[in-house]
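What follows is a set of notes on a single structure, which appears directly below.
Residue numbers (the numbering used here): 849 to 1032.
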């Protein structure tokens, strides 16, 4: 047969589809193939959009095991006053303990401890005030000894304080004492 020669590809495809359909379909829908193709593209697009918009799968966490899984709160007390002062204590049956207090709501001191995985007890005491968070604990690294010339410079500043309203002699004294303590 030679009816395909010289005809564009789309017309050839339509002719093949028309020939394969029963007579009733050919009359009712002469452009069936392009409509089916466009519907398929739309359906694939909708399916892709639905898959992309689906909520992520929820991850299920296993129940906690070991000694911490059954830990209970032994003590939990907190007092918060109108002037900003407060005190709180927290302790659990598995050895976790925390305590903090403040008499003015600005300077806080406290401590906490917990059992380490190796069985030892980690304990930390701290002060948090206008000079920052100052932790102390046996497990924390120790700063190296301060060089003598640094302490001498700070003592010279203390002997001849600057004319600065923000200069804090008490803080400088505490830093000199702290740095002297690093020297052994």
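All residues carry an ideal CB built from backbone N, CA and C; glycine is no exception. Note that the structure is predicted; figures quoted are calculated from it, not measured.
Report yes or no: is there a C-beta of chain D within less than 9 Å of the C-beta of residue 944?
No chain D is present in this structure, which holds just one protein chain.
Should the stretch 969 to 977 be regarded as contacting the stretch 1008 to 1017, the criterion being three or more beta carbon pairs within less than 8 Å?
no
If I follow the unbroken alpha helix (DSSP H) through residue 1001, where does it start and stop?
That run of the alpha helix (DSSP H) goes 996 to 1007.
Is residue 994 near residue 1027, with beta carbons less than 9 Å apart?
yes
Residue 945 to residue 1020, Cα distance in whole Å?
About 34 Å.
Taking the alpha-carbon positions, what's the residue 1005 to residue 948 distance?
35 Å
Where does residue 950 land, buried or exposed, given buried means 16+ other C-beta within 10 angstroms?
By the neighbour-count rule (16 or more Cβ atoms within 10 Å), residue 950 is buried.
If I'm right that residue 1003 touches residue 970 with Cβ under 8 Å, what's the distance once you round it to whole angstroms?
Not confirmed; about 36 Å, so no contact.
So for residue 964, helix, strand or coil by DSSP?
coil
Can you tell me the Cα-Cα spacing of residue 1032 and residue 1018, whole angstroms?
22 Å
Assess, as a yes-or-no matter, whether the stretch 950 to 960 is touched by the stretch 920 to 939 under the definition of 3 or more beta carbon pairs within less than 8 Å.
Contact check between the stretch 920 to 939 and the stretch 950 to 960: three or more CB pairs, one atom from each, fall below 8 Å, which counts as touching.
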